[in-house]
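Novice: Position one of the sequence shown corresponds to residue 651 (this note's numbering), numbered consecutively onward.
Even glycine gets a Cβ: it sits at the ideal position worked out from N, Cα and C.
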Amino acid sequence: LEAIEQIVAGAGSFLKSGGYLVLEHGHDQAGDVYDLLKTAGFRNIHNQRDYSNLPRLSYAQIP
651 LEAIEQIVAG AGSFLKSGGY LVLEHGHDQA GDVYDLLKTA GFRNIHNQRD YSNLPRLSYA
711 QIP
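Next comes the structure, spelled out in structure tokens:
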């Protein structure tokens with residue numbers, strides 16, 4: 651989760667307004683990743699499930 655925290659914190663330096671950040675994570679980290687994105691001010695936050703029906707991907711839009 652530490653690497654994802656760093657990516658989320660630095661995303662504003664790389665993404666244009668309205669751009670999307672896509673993150674792959676462990677199936678047990680979806681809630682924590684959602685909270686990180688929400689706290690960082692991202693909007694339109696979604697989780698995507700993998701072929702085993704586990705939450706594996708999160709994506710969100712930077713304002």
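Can Ile712 and Ser667 be called in contact, C-beta distance under 8 angstroms?
Specialist: Yes. Within cutoff.
Novice: I believe Val683 touches Ile654 by the beta-carbon criterion, under 8 angstroms. Please report the beta-carbon distance rounded to the nearest angstrom.
Specialist: The pair is a contact, with the Cβ atoms about 6 angstroms apart (cut-off 8 angstroms).
Novice: Quick one: does Gly668 have its CB under 8 angstroms from some CB of chain B?
Specialist: Looking for chain B here will not work: only one protein chain is present.
Novice: Tell me the residue span of the alpha helix (DSSP H) that contains Ala680.
Specialist: Run containing Ala680: Ala680 to Thr689, per the alpha helix (DSSP H) assignment.
Novice: Determine the direct distance from the alpha carbon of Ala659 to that of Ala690, and round the result to whole angstroms.
Specialist: Going by the C-alpha atoms only, they are around 7 angstroms apart.
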